[in-house]
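First the structure, in the form of structure tokens, and then the observations on it.
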Amino acid sequence: MKAAYLGLSALFLYMVYIQFNDPDPLYWIVVYGGVAAVALGHAFGKASDFWTVALIGATLGGMIIAAPGFVEFVAAGDIAAMGDMRNAGYVEPAREFGGLLIALGALVYCYKARTDTSH
3 MKAAYLGLSA LFLYMVYIQF NDPDPLYWIV VYGGVAAVAL GHAFGKASDF
53 WTVALIGATL GGMIIAAPGF VEFVAAGDIA AMGDMRNAGY VEPAREFGGL
103 LIALGALVYC YKARTDTSH
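The opening position of the sequence shown corresponds to residue 3 in the working numbering, with each subsequent residue numbered one higher.
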């Protein structure tokens, strides 16, 4: 389990790193950095239910905001647009939704694993 948590932490630290050139980096750095910190805490037995749940809330809030763009992207069926954000206004929200979905999955994994005694 420790290796999985360390891997998640490394992934989300990389995601933080690539946010520094984003026009609105603060939210993303906080969310992705928070996921990295939660995973690191789990790796070293310092898990925090409070921060895990708070980050789940922040992630769900961001997903709600990005959902209309994601739905528009899915409805358009234009996967090629993901390569160039200038093609359509829904590309950025679709990407954001995807990143937040990954973050949510990691947080739920951490939250669930802390109560799973088989690990």
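Note that the Cβ used here is the ideal one computed from N, Cα and C, for glycine as well.
Treat the numbers as computed from the prediction; the structure is a model and nothing was measured.
Beta-carbon spacing of V99, A68 below 8 Å: Correcting the residue type first, residue 99 is Phe in the shown sequence and not Val. Their beta carbons are under 8 Å apart, which means F99 touches A68 by this criterion.
Selected residue, minimal CA-CA separation from K114, among A38, L28 and A49: A49
Cα-Cα separation between Y7 and C112, rounded to whole angstroms: 8 Å
Residues near I31 in its chain [Cβ-Cβ closer than 6 Å; skip 5 each side]: V18 and Q21
Chain-order list of residues whose beta-carbon lies under 6 Å from that of A108 (same chain, five-residue window excluded): L10 and V37
Own chain partners of T54 with C-beta closer than 7 Å, once the 5 adjacent residues on each side are dropped: V40, L109, C112 and Y113
Reduced DSSP category for F14 - H, G, I as helix; E, B as strand; rest coil: helix
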